[in-house]
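Numbered as in this note's numbering, the sequence shown ends at 490 without a single skipped number.
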Amino acid sequence: MTRALIALLASIAVDRAASGMLFTCRYEVTAEGVLEKTVEITGAGPGRLETGFDPATQSLEVLEASAASPGGSRTDLPAWAVDTLAGSGGFPALVIALFPPGGGGILKLRIRDWSWNWSGRLWFVVTPPPGCDSSIVEVADGRGMRWEGPGWTAQSRGDDLLLRAGAGAGSLRASSYESWQEMYSDLTAAAGALLEAEQPLSVREAAIEASAGGADPPMLLARLRTLLCNSIGMIPPPPTMSAFAPLDPGAVLERRRATDMEAAVLFSAIAASAGIEAGLVLASNEPSRLPIPGEWNRVLVEAGAGGRRFLYEPHATLVPAAYIRDAERLRLLRPGDTDPVEYTPPPCDRCREQWTMTGPGEWTVEVETGGLYDGRIRRRLAGLGDREARGAVAAMLWRSGIVSIVDSCWTGDLYDLSEPACFGAEVTVPCSPSSRYRLLPAIAWDGGGDFARSWNLPEGASFDAELVEEDGIATDTLPNPPRRIFGIGP
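Right, here's the structure in full:
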């Protein structure tokens with residue numbers, strides 16, 4: 001691809017008395033495939049200017065940092081007023097410049113990004129700053145560039161593409177990828193090369209461990225999910241395109257940490273070593289209509305045998321083995337897909353909450369879960385000691401409006417992702433021995449799906465007409481129920 005240039009000019013209204021702010025951003029892809037971004041911010045009022053970057057794949061050079069007077073003169077800021085700090089918003093580092101309150105300032109930076117071969121395909125997302133009055137984006141030789149963005153208009157100037165927007169414009173997305181498959185091939189090329197290479201001994205040993213006892217493919221994959229969840233620390237992907245350049249599986253096993261892509265490659269490599277077909281699937285919850293790589297850094301694996309294939313998310317921790325988090329509006333991109341495909345998750349959200357009255361104010365509760373409820377139980381109770389677990393269950397009841405004393409608590413193996421999460425507890429709900437009416441305990445949940453709650457009450461108990469009664473057991477199907485009372489005796 002020829003050298004590409006993007007120039008963004010944005011004027012920002014600040015306070016009522018200030019004259020305004022000018023934001024300029026220039027992107028250029030060098031002949032070496034390095035993305036060079038020059039940012040200049042000039043304005044009054046904010047007292048603080050900042051931008052994030054990733055030192056692992058980006059270099060930053062402060063070209064100018066100065067205070068500007070109303071007359072137009074500039075004074076260099078002292079060294080202490082410009083510094084690099086721990087980052088925010090997904091970036092490991094942040095460069096920040098401080099200016100006199102209410103005064104003007106100028107901050108000019110050059111950021112070079114070598115996380116990707118940008119000369120292959122160019123894409124970008126530009127979000128005008130809050131209060132932006134106007135924006136201009138210029139792309140040199142942008143004839144093949146596709147774009148979308150509310151409030152933006154386009155015109156040609158020779159071979160260049162000129163995009164303009166006024167106040168209130170939304171984010172601008174542009175991409176030179178000609179098809180979704182071209183983007184998929186680009187993003188999975190490094191991972192595919194690792195999967196085609198001969199795997200190290202550590203990967204084959206992990207396959208043997210996962211297949212112990214002659215497990216069938218679904219059980220083997222569930223054991224593999226458990227193995228990786230308990231032995232590999234999952235870390236968020238870097239904010240740059242280096243997220244799609246994973247370490248090889250052997251190095252990940254040695255390092256004991258993995259990004260989304262690295263966890264997916266490791267999971268696929270071990271599954272393949274065990275004789276199970278596995279392929280990488282890119283996923284995004286709210287993608288645009290254009291192939292924008294930055295929106296597709298969630299990586300799943302489709303694996304199985306004998307015509308039965310399931311989706312797995314190797315990077316997800318403390319959820320059921322084949323559970324896909326945040327499946328609403330999820331779009332998938334597989335090898336061969338001409339367009340992203342909407343994901344329809346199988347019904348898996350399930351909860352059974354069973355209460356048995358064992359004495360005045362004394363109850364035993366048992367909870368079995370699946371899907372969304374399963375993950376919430378694991379994340380709330382996994383790894384807790386007895387005292388902390390009893391406190392966590394008491395807090396769950398407190399959220400339901402029930403003051404209780406949890407005398408004991410037990411759980412299944414919450415680190416075994418192949419088994420549904422479950423727990424039980426012995427609970428005392430204080431009550432007056434002389435009172436006929438008492439609170440009916442329940443746990444409040446946020447969720448839907450297949451939900452059922454039951455109470456095994458003494459013979460002759462009376463309760464709310466909204467509850468269904470059969471063989472002395474009252475039931476409801478409300479995850480977040482109202483407070484209810486029941487009566488005992490005449």
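From the three backbone atoms N, C-alpha and C, an ideal C-beta is built for every residue, glycine too.
Cα-Cα separation, residue i to residue j
i    : j    : result
S462 : V468 : 12 Å
M1   : L194 : Residue confidence for M1 is low, a pLDDT of 43 falling below 50, so the modelled location carries little weight and cannot support an answer.
S115 : L35  : 9 Å
R225 : I235 : 16 Å
E459 : L280 : 57 Å
L318 : A190 : 28 Å
A272 : Y343 : 24 Å
P347 : G449 : 7 Å
G424 : V367 : 6 Å
A327 : R350 : 16 Å
V265 : L162 : 40 Å
C431 : W410 : 24 Å
S231 : A389 : 23 Å
D446 : I473 : 24 Å
L491 : G120 : No answer is possible for residue 491: it lies beyond the span of the chain, which begins at 1 and ends at 490.
A394 : P239 : 39 Å
L417 : G487 : 41 Å
R331 : L290 : 13 Å
R438 : Y373 : 28 Å
L8   : T38  : Here the model assigns L8 a pLDDT of 44, short of 50, so the residue's position is not dependable, and the following value carries that caveat. Cα-Cα distance, rounded: 10 Å.
R3   : R378 : Note that R3 has pLDDT 47, beneath the 50 cutoff, so the model's placement of it is unreliable and the number below is only indicative. Looking at the two C-alpha atoms, the distance is approximately 51 Å.
Q181 : G336 : 7 Å
S242 : G158 : 34 Å
A17  : P101 : In this prediction, A17 has a pLDDT of 30, which is less than 50 and means its spatial position is unreliable; nothing more can be read from the coordinates.
V29  : G233 : 35 Å
E61  : E138 : 23 Å
For residue i: DSSP bridge partner residues
i    : result
Q155 : L162
D83  : I96
L318 : Note: L318 sits in no beta bridge, so no partner.
I111 : K37 and L60
C409 : A425
V365 : W355 and A425
M234 : A258
S66  : D76 and I106
Y437 : G487
S418 : S418 pairs with nothing; no bridge assigned.
G370 : R350
S492 : Because the chain is modelled from 1 through 490, residue 492 falls outside the range shown and cannot be assessed.
E32  : DSSP output for E32 lists no bridge partner at all.
S268 : Answer is none; S268 lacks a bridge partner.
S462 : G487
Reference residue i, options the options, closest by Cα
i    : options                   : result
S134 : W123, R112 and G166       : G166
E262 : H315, S211 and Y373       : H315
V95  : L122, S59 and W114        : S59
S404 : A392, L414 and T411       : A392
L109 : I41, T57 and A140         : I41
V293 : G472, M183, G233 and G359 : In the sequence on display, residue 293 carries Pro and not Val. It is M183 whose Cα lies nearest to the Cα of P293.
R257 : P237, E388 and S435       : P237
L63  : D76, L478 and T428        : D76
A274 : T24, L300, A206 and R146  : A206
R204 : Y437, R173, S175 and S268 : S268
T143 : S156, E254 and D386       : Per the sequence presented here, residue 143 reads as Arg, with Thr not at that position. Out of S156, E254 and D386, S156 has the C-alpha closest to the C-alpha of R143.
I324 : V301, I485, P335 and V139 : V301
Whole-Å CB distance - residue i paired with residue j, under 8 Å assumed
i    : j    : result
A79  : G105 : Not confirmed; about 15 Å, so no contact.
S288 : E148 : 6 Å
P441 : I402 : 5 Å
S176 : L122 : 5 Å
L491 : I276 : Residue numbering for the chain in the displayed model covers 1 to 490; residue 491 lies beyond these limits and cannot be assessed.
A222 : A305 : Between A305 and A222 the Cβ distance is about 14 Å, and since that is not below 8 Å, they are no contact.
L49  : A93  : Actually they do not touch by this definition, with Cβ atoms about 15 Å apart.
L333 : L282 : 4 Å
Delimiting residues of the beta strand (DSSP E) encompassing residue i
i    : result
G52  : R48 to F53
W147 : R146 to E148
R308 : R308 to Y312
R484 : R484 to G487
E302 : R298 to A305
A474 : I473 to D476
T75  : R74 to D76
R173 : L172 to S175
F451 : D450 to N456
F124 : W123 to V126
First and last residue of the uninterrupted alpha helix (DSSP H) at residue i
i    : result
F244 : Per DSSP, F244 belongs to no alpha helix (DSSP H) and is neither H nor E.
S202 : L201 to A210
S284 : Where S284 is concerned, there is no enclosing alpha helix (DSSP H), although the beta strand (DSSP E) it sits in stretches over E277 to S284.
E470 : Premise fails: E470 lies in the beta strand (DSSP E), V468 to E470, not in any alpha helix (DSSP H).
L330 : Premise fails: L330 is in no alpha helix (DSSP H) and is neither H nor E.
A193 : W180 to E196
Distance cut-off 7 Å: residue i Cβ against heavy atoms of the ligand COA
i    : result
I232 : You won't find the ligand COA in this model; it holds no ligand whatsoever.
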